[in-house]
Ligand code: G1P
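Numbering (the working numbering), first residue to last: 36 to 320.
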């Protein structure tokens, strides 16, 4: 695979989940049977990325601990003969090679990506925003990497959203060069409906050119007073191709309490054992 590194910006404060996120990283909230972040790391691995770079911040040590070995726990499980559980715990720390870089100030997604420059310099790299959990037999990042391999340039995942939702996302405009693939010529971060160039929104998966870094160095603050990745991509699109892919699959927005709850119920309903638990609760008086 041409893209071997994947960056995870996980320094956000998780204010939408307070008070839980006062002490726990939002990425560690459970989605059915494992933390939200685990789904993203599994997707990166299944897409051929063998080096994961987490851009973390203060109070995110639970993420590092989760993917690290836990000798004490492993020892206790082995001594108690809980071999299946031991294997499960070991599999987590064996999942991927993970590097951690601290984003010292919450200056926005563009700044978080820039923090990955020392590791990703000079090569194309993936970005996964783990709040967006995708379910499909072919991982969405892998769908993007395939387009990059075929057409070159950067690639973002796109989804058509309703008029009410355009102000929540980066919105693009471009021409559809083949079914489901757009050559992007403009984009706006969280526009009003009047400013939105279309209803196609960027979802949390990217393949980025290393040429994004010099642009990010110069990028001033944008929407919300933050350094926006969308603004830097807009500049990049003027000098090299940025493709948008209407991804195949289902997306669960785990960045809000309602979306997270919906994702848990929906995915539990698809689990043969848990389905009856959900139905039992819903049908009880
Ligand atoms: C970020 C990006 C935005 C993108 C969104 C996808 O926004 O800035 O362009 O559409 O992720 O989830 P955030 O959700 O971090 O505010």
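Backbone N, C-alpha and C fix where the C-beta goes; we use that ideal spot for every residue, glycine too.
Since this is a predicted model, take the numbers as computed values, not measurements.
Between the alpha carbons of residue 320 and residue 296 lies a gap of roughly 21 Å. Residues 195, 196, 197, 198, 201, 206 of the same chain have their beta carbon placed closer than 8 Å to that of residue 234, with the five preceding and five following residues left out of the count.
In this structure the segment 70-77 touches the segment 164-181; the number of beta carbon pairs closer than 8 Å is three or more. Fewer than three pairs of CB atoms, one per stretch, sit closer than 8 Å, so the segment 109-120 makes no contact with the segment 51-64. A Cβ-Cβ separation of about 16 Å leaves residue 87 out of contact with residue 152 under the 8 Å criterion. Around residue 257, the same chain offers 224, 263, 266 as residues with beta carbons nearer than 7 Å, after the five sequence neighbours per side are excluded.
At the C-beta level, residue 186 and residue 278 come within 8 Å of one another.
The beta carbon of residue 124 is closer than 8 Å to those of 105, 108, 109, 112 in its chain, skipping five residues each way along the sequence.
In the three-state reduction of the DSSP assignment, residue 182 falls in the helix class, which pools H, G and I. Taken through DSSP and simplified to helix, strand or coil, residue 274 comes out as helix. Note on residue 91: 16 or more other CB atoms within 10 angstroms of its CB, so buried under the neighbour-count rule. Counting C-beta pairs with one atom in each stretch, the segment 229-245 and the segment 308-319 have fewer than three that are closer than 8 Å, which means they do not touch.
Per DSSP, the unbroken beta strand (DSSP E) holding residue 235 starts and ends at 235-243.
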